[in-house]
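Each residue of the sequence shown is one higher than the last, beginning at 1 in full-length UniProt numbering.
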Amino acid sequence: MSLFWRIFGLNAVVLGAATVLLLWAPITVSVPILVTEAVILLGGLSVMLVANAALLRIGLTPLGRLARLMTTIDLLRPGQRLTVRGHGDVAELIRTFNAMLDRLEAERAASSARALSAQEAERRRIARELHDEVGQSLTAVLLELGRAADQAPDPLRTELHQAQEVTRDSLDEVRRIARRLRPGVLEDLGLVSALTALATDFATHTGLRVRHRFEAGLPPMTPETELVVYRVAQEGLTNIARHAEAEHAELRLRRGDGGVVLSLRDDGRGLGIIREGAGIRGMRERALFVGATLEIAHEPERGTQLVLTAPAVEERKP
Numbered sequence: 001m002s003l004f005w006r007i008f009g010l011n012a013v014v015l016g017a018a019t020v021l022l023l024w025a026p027i028t029v030s031v032p033i034l035v036t037e038a039v040i041l042l043g044g045l046s047v048m049l050v051a052n053a054a055l056l057r058i059g060l061t062p063l064g065r066l067a068r069l070m071t072t073i074d075l076l077r078p079g080q081r082l083t084v085r086g087h088g089d090v091a092e093l094i095r096t097f098n099a100m101l102d103r104l105e106a107e108r109a110a111s112s113a114r115a116l117s118a119q120e121a122e123r124r125r126i127a128r129e130l131h132d133e134v135g136q137s138l139t140a141v142l143l144e145l146g147r148a149a150d151q152a153p154d155p156l157r158t159e160l161h162q163a164q165e166v167t168r169d170s171l172d173e174v175r176r177i178a179r180r181l182r183p184g185v186l187e188d189l190g191l192v193s194a195l196t197a198l199a200t201d202f203a204t205h206t207g208l209r210v211r212h213r214f215e216a217g218l219p220p221m222t223p224e225t226e227l228v229v230y231r232v233a234q235e236g237l238t239n240i241a242r243h244a245e246a247e248h249a250e251l252r253l254r255r256g257d258g259g260v261v262l263s264l265r266d267d268g269r270g271l272g273i274i275r276e277g278a279g280i281r282g283m284r285e286r287a288l289f290v291g292a293t294l295e296i297a298h299e300p301e302r303g304t305q306l307v308l309t310a311p312a313v314e315e316r317k318p
């Protein structure tokens, strides 16, 4: 039954019931109308309006659910769908909306994959240029300053040594930025070693006490999934250092149902109501890229917890 005939039928039922009651009831209308007759007519009208409103609410409830979902849908949280009940215009509308969400989520996942691949390629290029060009130039400057300091008189030698220390600090910073852009230890030594180095680096440069616990015997993951886990941990630690006002953080990696679970918790101030910025949405896009799920819980004055559940590679049986 279409929506038009459904609404028409509901109204017909209400009006038909009112007509039957009027035919059977010993009610007359005088001219001028009496108070009791007016009360009876107004009461009957009220009953008709209430019944009509109730029936229309029942008939239009699926449209209300559809409108609420349309205002809250987020393609970075896939899987939100409405249940299709029965047939007719409303059911067909909901079915079409669900199909549209399927297409949009697939297109979003594909575009995110292309964007993230391009981003990682650009990161590798910039890291290589920082290491090969800027790093070598600073190394040459450092050597020249050392030779000049050996031949300079005492007052100038002190200033040259100070310039040498500044250059050495700049070289270390360039190398650190290059490592963050392109985690070579992830490719060479694996995810656990890369996360250990990441936690140590953050503790050294930010003063944040990072405790890490990594379970042994983790299931294998694809290189793309390992990179996503590393980047999510990196972005999570960066957010803690910038916004959480925390003193301690705990980074854990353990086996989960069908995959690996990365959890990051801090003892900062929390954010109360979640307002997701570019960093969190970027983490959600990365998780969506490899079919992972990301959950973030904020509690005021009790810190923040981030949980990433990433899929493992299915082991083929011989």
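Glycine residues also receive a C-beta, built at the ideal position from the N, C-alpha and C atoms.
Predicted, not measured: the structure shown is a model, and the values here were computed from it.
| Hey, out of E226, V50, I177, L82, whose CA is closest to D188's CA? | For the purposes of this step, residue 188 is identified with residue 188 of the sequence shown, where counting begins at 1. Selected option, being the one with the closest Cα: E226.
| query | Do you know offhand how far R286's Cα is from D150's? | reply | For the purposes of this step, residue 286 is taken as residue 286 along the sequence shown, with counting starting at 1. For the purposes of this step, residue 150 is taken as residue 150 along the sequence shown, with counting starting at 1. Using only the alpha carbons, I get a separation of about 51 Å.
| said: For L208, tell me which candidate among L186, L181, H243, I177 has the shortest Cα-Cα distance. | reply: Working through the sequence shown from its first residue, we reach residue 208 at position 208. The option with the nearest alpha carbon to L208 is H243.
| request: Compare the C-alpha of N239 against each of A310, L253, R269, G259 and name the closest. | output: For the purposes of this step, residue 239 is taken as residue 239 along the sequence shown, with counting starting at 1. It is R269 whose Cα lies nearest to the Cα of N239.
| task | With a 10 Å radius around its C-beta and 16 neighbouring C-beta atoms as the bar for buried, classify F8 as buried or exposed. | result | For the purposes of this step, residue 8 is taken as residue 8 along the sequence shown, with counting starting at 1. With fewer than 16 other Cβ atoms within 10 Å, it is exposed.
| said: Distance check for D266 and L171, CA to CA, integer angstroms please. | reply: As a first step, residue 171 is located in the sequence shown; it is residue number 171 there, counting from the start. As a first step, residue 266 is located in the sequence shown; it is residue number 266 there, counting from the start. Going from the Cα of L171 to the Cα of D266 covers about 31 Å.
| task | Please go through the same chain and pick out, in chain order, the residues whose beta-carbon is closer than 7 Å to the beta-carbon of M283, but skip the five residues on each side of it. | result | Here residue 283 refers to the residue found at position 283 when the sequence shown is read from its first residue. V232, E235, L294.
| field | CA-to-CA distance, P223 to V307, given in whole angstroms | value | Residue numbering aside, residue 307 sits at position 307 when the sequence shown is read from its first letter. Residue numbering aside, residue 223 sits at position 223 when the sequence shown is read from its first letter. If you take the alpha carbons of V307 and P223, they lie about 20 Å apart.
| query | Based on Cα-Cα distance, which residue from P220, T36, L60 lies nearest to G258? | reply | Working through the sequence shown from its first residue, we reach residue 258 at position 258. Nearest C-alpha to G258: P220.
| request: Taking I296 as part of the beta strand (DSSP E), name the residues at either end of that continuous run. | output: Position 296 of the sequence shown, counted from the first residue, corresponds to residue 296. First-last of the beta strand (DSSP E) with I296: 293 to 299.
| query | Using the C-alpha atoms, what's the distance from I94 back to R85? | reply | Numbered from 1 along the sequence shown, position 85 holds the residue referred to as residue 85. Numbered from 1 along the sequence shown, position 94 holds the residue referred to as residue 94. About 9 Å.
| What whole-angstrom Cβ distance do L253 and F214 have, given they're in contact under 8 Å? | The count along the sequence shown starts at 1 and reaches residue 253 at position 253. The count along the sequence shown starts at 1 and reaches residue 214 at position 214. Correct: roughly 5 Å between the Cβ atoms.
| query | By a C-beta neighbour count over all protein chains shown, 10 Å radius and 16 as the cutoff for buried, is G16 buried or exposed? | reply | Translated into the one-based positions of the sequence shown, residue 16 becomes position 16. G16 comes out exposed.
| said: Runs of 3 residues minimum, wholly inside the region 179 to 265: which ones carry the beta strand (DSSP E) assignment? | reply: Restricting attention to beta strand (DSSP E) runs no shorter than 3 residues, the region 179 to 265 encloses them at 209 to 214, 248 to 256, ordered along the chain.
| said: Using only the alpha-carbon positions, how far apart do G184 and Q80 sit? | reply: Here residue 184 is taken as the residue at index 184 of the sequence shown, counted from 1. Here residue 80 is taken as the residue at index 80 of the sequence shown, counted from 1. Answer to the nearest angstrom: the Cα atoms are 38 Å apart.
| Touch check for the region 129 to 143 and the region 157 to 176: three-plus C-beta pairs under 8 Å? | yes
| request: Kindly indicate which three-state DSSP category Q151 falls into: helix, strand or coil? | output: Within the sequence shown, the letter at position 151 stands for residue 151. Q151 falls in the helix class under three-state DSSP.
| field | Cβ shell of A241 (< 7 Å), same chain only, five flanking positions each side left out | value | Within the sequence shown, residue 241 is the residue found at index 241, counting from 1. Here the set comprises F202, T206, L208.
| Is it right to say P62 is buried, meaning 16 or more other beta carbons lie within 10 angstroms of its own, or is it exposed? | Within the sequence shown, the letter at position 62 stands for residue 62. Classification of P62: buried, given that the 10 Å Cβ count is 16 or more.
| query | Cα-Cα, which of L34, G43, V47 is closest to V14? | reply | Along the sequence shown, read from residue 1 onward, the residue named residue 14 stands at position 14. The shortest C-alpha separation from V14 is found at V47.
| query | DSSP beta-bridge partners for Q305? | reply | Taking the first residue of the sequence shown as position 1, residue 305 is located at position 305. Among the bridge pairs identified by DSSP, Q305 is matched with R265, A297.
| request: Look up P62 in the DSSP assignment and give the residues it is bridged to. | output: Position 62 of the sequence shown, counted from the first residue, corresponds to residue 62. P62 is not bridged to any residue.
| said: According to DSSP, simplified to helix, strand and coil, what is A18? | reply: Here the question's residue 18 lines up with position 18 in the sequence shown. Reduced to three states, the DSSP call for A18 is helix.
| said: So for A312, helix, strand or coil by DSSP? | reply: Indexing the sequence shown from 1 puts residue 312 at position 312. Coil at A312, not helix or strand.
| Can you round the beta-carbon distance between L145 and A163 to whole angstroms, since I take them to be within the 8 Å contact cut? | Locating residue 145 in the sequence shown gives position 145, where the first residue counts as 1. Locating residue 163 in the sequence shown gives position 163, where the first residue counts as 1. Your pair L145 and A163 checks out as a contact, with CB atoms roughly 6 Å apart and the cut at 8 Å.
| Pick from H161, D169, E165, L237 that is closest to T196, judged by C-alpha positions | Walking along the sequence shown from the start, residue 196 turns up at place 196. Closest option to T196, judged by alpha-carbon separation, among H161, D169, E165, L237: L237.
| Which residues in the same chain as H161 place their Cβ atom closer than 7 Å to its Cβ, once the five residues preceding and following it in sequence are excluded? | On the sequence shown, residue 161 is found 161 positions in, with the first residue counted as 1. Correct list, in chain order: A149.
| query | Who are the near neighbours of N98 in its chain, counting only those whose CB is closer than 8 Å to its CB and skipping five residues on each side? | reply | Residue numbering aside, residue 98 sits at position 98 when the sequence shown is read from its first letter. Cβ neighbours of N98 beyond the five flanking positions: R81, L82, V84.
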